[in-house]
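Residue numbering for the sequence shown follows this note's numbering, starting at 1295 and increasing by one per position.
Heads up, the thing below is written out as structure tokens.
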Amino acid sequence: MVLFYVTAAAMLLLALLFVVLPLIGRRRSSEADDAALNVALSRDRLAELKAERTEGLIADGDYEAARQELEARVLRESEAGTGTRGQGPRWVAAAALIVVPLLAFGLYIQLGTPTLIDPPEQRVAGGDAERGRQILEDRVERLRSRLEDQPEDVEAWSQLGRYYALLRDWPQARQAFGRATELAGESRPDLMVDYAEMLVATSGDSLGPEARSILDRALELDPENEKGRWLLGLARFQDEDYAGAADVWQGLLRELPPDSRRAGLLDQYLQLARNRAGMAATGDTQPASDAGVTARVAVAPNLRERIAPQDTLFVFARAPSGPPMPIAAVRHAAGDLPLEIRLTDADAMTGNRKISDFDTVELVARVTKGGGPRARPGDLEGTAKASPGAEGAVDLRIDRVIE
């Protein structure tokens, strides 16, 4: 068991290094003006994106979308910079960065105290460690200076929280994310998840009542939030509900690129939860029912040219009413279209909601360039109703663009 944790922690450290090293690769002059700082930070983020793509932390589609958004934000910032200084420039770079996926699945993927992970500055040899920490501290100071003038900048507060997390200053990170969450309210469930994570970091590595309440509400608002679902599984694991943790993580694993680092790490912890629960390696103690639905998935002619072979196709079933979380899902390359697919209990996202339990389900086919299942503007989608167990296949036509 000890070897398992050490190995997993080492893999996480390696992933973190690939993300942090680009971050500490350049010195900044403390006298740089706002425009120069924004450009420099944007360059850092682009380097991070490239490293994340290389390590399999993000899909090619996610990388391209983030790169285009970054370029657009830099352009808008440069154009906005021609205005009067008294208006106070918006810190667009903070929104554009959204930096460093903390240890790939969050600070607690190692199922232990965060102090088991060496600080990033200790993982860099020689003078680079001190220089890297100094750069992070300088950025914290600049952010704090900006927040004195713009105390309601949600993105600046969330960015400050991320920098403090990299510096392993958990109380300050909790305070920053708490302020960001307070300002954004329920419009930003992602920040609610970040705040819940920091509450765990400062409470003896345990998901207490406040963290769980915030996490539960965040997942009601955004049931597909990856980190939130990871923490939900962790909460069940810590409650010794190992089967429940396996259910959550199994559903999350189905949505990740199978050859990505995140999928590999999550699968290790999924197997640990299954072992603790006395479950078979397949994660299911009961044979799956053959009841399911078959769909012929095709694309409307007017949308075909908008699909690239490397785009991702998700086909999932969900309840016609109730929670939007998919009941069952499969993933394919968009280049496989048109195709026929079948969803059964073997494709269930969790063990307690199976497609055979429903008389009617709504089928959704979604083509995304981002690589993840969450709907984004520009994604293509189609829906159809189906009855599990019925003979024949339903036509599932992708015929609209998500606005």
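Each residue gets a CB set at the ideal place from its N, CA and C atoms; glycine is no exception.
On a predicted model such as this, the values are computed, not experimentally measured, just so you know.
Using only alpha-carbon positions, find the residue among the options that is nearest to residue i.
i	options	result
Val1448	Gln1469, Arg1462 and Leu1461	Gln1469
Thr1588	Leu1690, Leu1607, Arg1511 and Arg1427	Leu1690
Ala1474	Leu1493, Leu1485, Val1658 and Glu1518	Leu1485
Phe1652	Glu1446, Ser1507, Ala1611 and Pro1595	Ala1611
Glu1599	Ala1687, Val1695 and Ala1529	Val1695
Asn1596	Leu1674, Leu1566, Val1487 and Gly1572	Leu1674
Asp1510	Ser1497, Tyr1489 and Glu1442	Tyr1489
Ala1585	Ala1622, Asn1569, Gln1565 and Pro1618	Ala1622
Ile1692	Pro1667, Val1658, Ala1669 and Gly1672	Val1658
Gly1686	Gly1676, Arg1647, Leu1637 and Glu1697	Leu1637
Ala1512	Ala1537, Gly1479 and Asp1541	Gly1479
Pro1618	Asp1639, Glu1518 and Pro1503	Glu1518
Trp1524	Asp1641, Gly1572, Asp1533 and Leu1547	Leu1547
Glu1435	Tyr1457, Ala1642, Gln1544 and Val1542	Tyr1457
Ser1481	Gln1453, Gly1545, Leu1515 and Pro1465	Leu1515
Asn1569	Val1542, Ala1459 and Ala1537	Ala1537
Gln1639	Gly1545, Pro1445, Gln1444 and Ile1601	The sequence as given places Asp at residue 1639; Gln does not occur at that position. Measuring from the Cα of Asp1639, the nearest candidate turns out to be Gly1545.
Which same chain residues end up closer than 6 Å to residue i when comparing Cβ atoms and leaving out the 5 residues on each side of it in sequence?
i	result
Leu1550	Arg1556 and Ala1557
Asp1605	Ala1628, Val1661 and Lys1663
Ala1539	Gly1527, Arg1530, Phe1531 and Ala1567
Ala1505	Ala1490, Leu1493 and Val1494
Ala1607	What sits at residue 1607 in the sequence shown is Leu, not Ala. Result list for Leu1607: His1626, Ala1628 and Val1661, in chain order.
Phe1471	Gly1455, Asp1488, Tyr1489 and Met1492
Taking DSSP as the reference, what is the three-state secondary structure of residue i?
i	result
Gly1472	helix
Ala1684	coil
Leu1607	strand
Val1695	strand
Pro1413	Any reading at Pro1413 must be qualified, since the residue scores a pLDDT of 38, below 50, and its modelled position is unreliable; no value is offered.
Lys1679	strand
Ile1601	coil
Val1593	strand
Leu1550	coil
Arg1647	strand
Within the same chain, show all residues whose beta-carbon is closer than 8 Å to that of residue i, passing over the 5 residues directly before and after it, in chain order.
i	result
Ala1669	Arg1660, Thr1662, Glu1675 and Ile1696
Leu1437	Ala1388, Ala1450, Gln1453, Leu1454 and Tyr1457
What residues in its chain sit with their C-beta under 7 Å from that of residue i, if we drop five residues either side in the sequence?
i	result
Glu1520	Leu1546
- Message: Contact between the stretch 1675–1686 and the stretch 1624–1633 is defined here as three or more beta-carbon pairs at a separation below 8 Å; is this criterion met?
- Response: no
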